[in-house]
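My numbering applies: residue 48 is where the sequence shown begins, and numbers increase by one. Cβ atoms here follow ideal geometry from the backbone N, Cα and C, with glycine treated the same way. Since the model is a prediction, treat every value here as computed from it, not as a measurement.
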Amino acid sequence: MNLLRRIYLTTKALKIGIPMTEIQRVDQNLFKINLDGTIYLFKIINGKIVEEKIKGLSEEIIQLLTDYNELSIKEIVDIISNKTKSSREIVRKELYFLKELGLIEIDKGRVSLNNNSGLKR
């Protein structure tokens, strides 16, 4: 991730002439940052920032929603669990993880991509 050269952690407002943003912890060692409307996921490994790509079940779910635009939770769980041989419970957990990241929206049992997420894919 070339955009992040230095991170300044502070609780005070600094007037140093650079854009400010907020880093959110998503998981134990997974963070989310929004830079100019684009969301980046990253981990800190051995003191270095390493960009994290969407992969695995998350990638399958996002691709399915890209192809079909909107599906029910049941349809997604059935399709992804059969395609990847994953349990239905794991697929459901992944759906709610993507919702927590702000990448998908779930409304009345219908799932769609959050087009305002700005995720760099």
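DSSP places Gln71 in the uninterrupted beta strand (DSSP E) bounded by 70 to 74. Listed as beta-bridge partners of Thr85 by DSSP are Leu82. Under the three-state reduction of DSSP output, Lys102 falls in the coil class, being neither helix nor strand. Leu148 and Val73 have their C-alpha atoms spaced approximately 7 Å apart.
Of the residues Lys155, Asn76, Leu104, Lys100, the one whose Cα lies closest to the Cα of Gly94 is Asn76. Between Leu145 and Ile137 the beta-carbon gap is near 13 Å, outside 8 Å, which marks them as no contact.
Here Ile63 carries a coil assignment [DSSP, helix/strand/coil]. Here Lys155 carries a coil assignment [DSSP, helix/strand/coil].
Residue burial is scored here from C-beta neighbours: Val97 has fewer than 16 other C-beta atoms within 10 angstroms and is therefore classed as exposed. Taking each of Thr131, Lys130, Leu82, Val124 in turn and checking the Cα distance to Arg157, the smallest one comes out for Val124. Residue burial is scored here from C-beta neighbours: Glu107 has at least 16 other C-beta atoms within 10 angstroms and is therefore classed as buried.
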